[in-house]
Structures are given as structure tokens and as C-alpha cells.
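First comes the structure, then the notes that go with it.
Number of protein chains: 2
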Amino acid sequence: MRSRGPVKWKNRNDSARLRVTGDKGTAVPDDQETIDYRLDAQVGFLLRKANQRHLAIFAAGIDNLTPLQFASLAKLLEEGPLSQNALGRATAMDAATIKGVIGRLRDRGLVTTLPDAGDRRRLTVALTASGRSLVSALTQTASKISADTLGPLTPDEQQLFLRLLQRLT
Amino acid sequence: MRSRGPVKWKNRNDSARLRVTGDKGTAVPDDQETIDYRLDAQVGFLLRKANQRHLAIFAAGIDNLTPLQFASLAKLLEEGPLSQNALGRATAMDAATIKGVIGRLRDRGLVTTLPDAGDRRRLTVALTASGRSLVSALTQTASKISADTLGPLTPDEQQLFLRLLQRLT
DNA sequence: GAGCATTTGTTTGTGTACAAACGGAACTCT
DNA sequence: AGAGTTCCGTTTGTACACAAACAAATGCTC
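Those sequence lines, one after another, are chains S and D.
When you line the first sequence up against the numbering used here, it's residues 1 to 169, in that order.
When you line the second sequence up against the numbering used here, it's residues 1001 to 1169, in that order.
Shown next, in the form of C-alpha cells:
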């Protein structure tokens, strides 16, 4: 914990910017080092913005279902009926979140929830006929949304990006 | 709107999975086509999961500040005092969101808000001394959080990923 | 300089997100 | 069979996230 002393900041209210001291001649003391932290270059910030853009594209394509609601329906279409928590795990939502999502889908008659016969703790979530036909009709749109989100990249870059992204999950 | 009729789904409650019909010999009728939509392969889903992972890494490294709160402080350190909405734009938050974030930071004495002299609509947000020293002390930690988030990738891949990601924002 | 559009911040309402604590059911292991 | 553990779903509380509607201040234009 000796390496770098208190951080120096050298910005003013004008357009000044923090930068790592890159002077050539002068010997720079160790603790005069300045940390260059630019928000716009951080992964987290970029992930958040990319997600925002995707959300906007999604909302423009499918306006009567949120991404999470659609994900739940799509997963049920893929896998068939699942317990509420299992569906949550499959769609990366925790127990509290999936409960809200399923509640809203049930209110709209897109899924049913009925207690499991074998395990009295479980609540089995299943598509209704109208839920099933709704998701089925929307899968093409959803695929286009994914394509549009990746639109700024070339096909090769898209493949590469998806592979890298997957490793960060 | 003639091309593809109602989507066929061929999954049961067992482990069946939708697939594009890839038969070679048989002539496949146009409307028998099946859409292969796997949630786990969609950009949006992966972006969301990558973001979740990042959020967890962030919370493990900085537990007394949320990512948005830190982003606000960091931006003020970079740019100096900003109006509330301008800060929101700089951190990719809308007006309603930034208001809540600033309110909580102000409650904790990390920023001050005072009416702009020139423009009576504006609310100027500035770091307090304690806010400034807090962010300054955390920039190194924040950099490590970014590095850890990208950890699964090699340095070359990290650069590449960031460049591609930036184009999707 | 009066009218109109824009900008700034606020409020309300809905929908994620997740931590933490809880009661009840199921499992495990002796 | 009983004890401890794990799993299921629920509830509460905090913090985003964004749409929509609003009032006040500002700027722009004719």
C-alpha cells in the first residue's frame, strides 16, 4: 500500500482533462502520478449504454411486452412448463424479480400458474394458448431486433463479438 | 406478408428443441419452416448477463456506492461542476433518474446543488470536499473493477471487445 | 416586444433488479 | 424418525430506468 500516494487531480471547470503524466524530459516523482479514469472508456459504462440502445430497439419492435416478459415466454416455448424459480434461473432473474414478471404475464392471461402435484413448494408456470401464439408470432421480430442491435458490425464482427461477450457472462 | 405462415412449434415438456429444418432430400413446404429462437444466443440476453456480472464485481469492490452514483462523482471529477441535466446526459441517465441519484448523493454530503446565477432554471451540481476525496480514492479500485470484468479475455481480446462494444452504443 | 418553441427540473406510474429475512416443504444422513 | 440443510416462493426495502405530463425560465423569431 505504498506505491501510489493520494491522487492528484488537475482539472478545472473548463475543458481540462486528467492524464497520465507523459512528459519526456522531467523525472516524475512516484507519488505525483495521476490516475486517468475516463468514464466513457469503462466496460461497465459501455455495457450499460449498449444495453440501453438494445432496449430502445426492442421497445420500438415490440411495444406490448418488455424484454424480460418476452424472455420468459420464449423460454417457456423452448422448454415447456417450468417451476417459477427454475424459469427465473433460465432467464437470469432472481426469485423476487421473476415473481413480478410472472404476475404481470398471468394478469394478462399469457401464462398460468398452478401448484405442482409432486412438490407442494413448486409453482408450475405454463404458456396459455394465447401466450403461445403471441410468442410464436413474435420470434421473427425478436430475431430482427437482435440483428438490428448488432447492425453496426459486419457479420464477421458480430460472430466475434458474440463469442467474446459470452465469455464475460 | 405471404412468405411464412403461422410458426410451427415442435417442443414438448421434455428436452425437445426447436431447430431450422435442415433436411437435404425432402422438399420442405414454405410454411413448415420453424424459427430457431434460442434465448441464450441473443445479444440482448448476453448483454444483460454480462452487465449483471459486472454489477456483482462492482458491488464486491465498492459496496458503499452504486455504479451510477460512482459514475456521477467520477464525471464531476473529470469535468467540474455541471447542471443536473447535463450531468445526466454525460452519464447516460435521463432527467428522472439523475434526480434520484443526485438526491441520494446530496443526502450523504458528497455533492452540493445550488441554483445557477445566470440561468434560474439550472441546478448546479458540484463535488464537496468529502465527495472529491472519496472518488479520488476510489478511481484505482474502479479501474481494477473494469479490469476484472474484462478478465476472462486476453489483453488483445479486451481491446478488440471494447472497440466493438463502443460501436454498439 | 409578443408569441412560440425549447430547455430545465419535477412528479407520477410502471417495471425491472437485488439483498435480506421469512415460513414451509423436501431432502439427507445418521 | 428426527435434525440439519437445502430449496421454494413471498415480502419488504432500496435503487435504477424510462415514458409522460407539467410549470417555470429562457431563447428565438417575426
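A virtual CB, placed ideally from N, CA and C, is assigned to each residue, including glycine.
Around the C-beta of residue i, are 16 or more other C-beta atoms found within 10 angstroms, so that it is buried, or is it exposed?
{"i": "Leu1114(D)", "result": "exposed"}
{"i": "Ser1072(D)", "result": "buried"}
{"i": "Gly1151(D)", "result": "exposed"}
{"i": "Gly1064(D)", "result": "Here residue 1064(D) is Asn; the residue named in the question, Gly, does not match the sequence. Exposed is the call here."}
{"i": "Arg38(S)", "result": "exposed"}
{"i": "Arg1048(D)", "result": "buried"}
{"i": "Ala59(S)", "result": "exposed"}
{"i": "Thr1021(D)", "result": "Reliability fails at Thr1021(D), whose pLDDT of 40 lies under 50, so the model's placement of it is uncertain and the value that follows must be treated cautiously. Classification for Thr1021(D): exposed."}
{"i": "Thr1149(D)", "result": "buried"}
Give a yes or no on whether the minimum CB-CB distance between residue i and chain S is below 8 Å.
{"i": "Pro1152(D)", "result": "yes"}
{"i": "Ala1052(D)", "result": "This sequence places Gln at residue 1052(D); Ala is not what is there. Yes, contact with chain S."}
{"i": "Lys1099(D)", "result": "no"}
{"i": "Lys1049(D)", "result": "yes"}
{"i": "Ser1130(D)", "result": "no"}
{"i": "Ser1083(D)", "result": "no"}
{"i": "Met1001(D)", "result": "Because the pLDDT of Met1001(D) is 35, which lies under 50, any placement of that residue in the model is unreliable, and the number read from its coordinates should be weighed accordingly. False, the Cβ-Cβ gap to chain S never drops below 8 Å."}
{"i": "Thr1139(D)", "result": "yes"}
{"i": "Val1020(D)", "result": "Caution is warranted here: a pLDDT of 41 is assigned to Val1020(D), below 50, making its placement in the model unreliable, and the coordinate value is therefore given only provisionally. No, Val1020(D) lies away from the interface with chain S (no Cβ there is under 8 Å from its Cβ)."}
{"i": "Arg1038(D)", "result": "yes"}
{"i": "Ala1096(D)", "result": "no"}
{"i": "Leu1165(D)", "result": "yes"}
Using beta carbons (cut-off 8 Å, strictly below), is residue i in contact with chain D?
{"i": "Gln159(S)", "result": "no"}
{"i": "Thr169(S)", "result": "yes"}
{"i": "Gly88(S)", "result": "no"}
{"i": "Leu162(S)", "result": "yes"}
{"i": "Val125(S)", "result": "no"}
{"i": "Gly44(S)", "result": "yes"}
{"i": "Pro155(S)", "result": "no"}
Between the options, which lies nearest to residue i when the distance is taken from Cα to Cα?
{"i": "Leu1076(D)", "options": "Arg1167(D), Leu1164(D) and Val1125(D)", "result": "Val1125(D)"}
{"i": "Leu1134(D)", "options": "Gln1159(D), Arg1108(D) and Ser1146(D)", "result": "Arg1108(D)"}
{"i": "Gly1131(D)", "options": "Ile1102(D), Thr1154(D) and Thr1149(D)", "result": "Ile1102(D)"}
{"i": "Glu1157(D)", "options": "Arg121(S), Leu168(S), Leu47(S) and Thr149(S)", "result": "Leu168(S)"}
{"i": "His54(S)", "options": "Ser143(S), Asp119(S) and Leu127(S)", "result": "Ser143(S)"}
{"i": "Ala1074(D)", "options": "Arg1163(D), Gln1042(D), Val1043(D) and Thr1141(D)", "result": "Thr1141(D)"}
{"i": "Ile145(S)", "options": "Val111(S), Thr97(S), Pro67(S) and Asp116(S)", "result": "Pro67(S)"}
{"i": "Ala1147(D)", "options": "Gly1061(D), Ala1137(D), Asp1036(D) and Arg1089(D)", "result": "Gly1061(D)"}
{"i": "Asp116(S)", "options": "Leu110(S), Ala137(S) and Leu82(S)", "result": "Leu82(S)"}
{"i": "Val1043(D)", "options": "Ile57(S), Ala137(S), Arg89(S) and Gln42(S)", "result": "Ile57(S)"}
Point to revise | Interfacial residues, the stretch 106 to 120 of chain S to chain D, with Cβ spacing under 8 Å | key: none
Point to revise | beta strand (DSSP E) runs contained entirely in the stretch 1077 to 1139 of chain D, provided each spans 3 or more residues | key: As far as the stretch 1077 to 1139 of chain D is concerned, its whole beta strand (DSSP E) runs of at least 3 residues are 1111 to 1115 and 1123 to 1127.
Practice item. With 7 Å as the C-beta to C-beta threshold (strictly closer), list the residues of the stretch 54 to 76 of chain S near chain D in chain order. Key: His54, Phe58, Pro67, Ala71, Ala74 and Lys75
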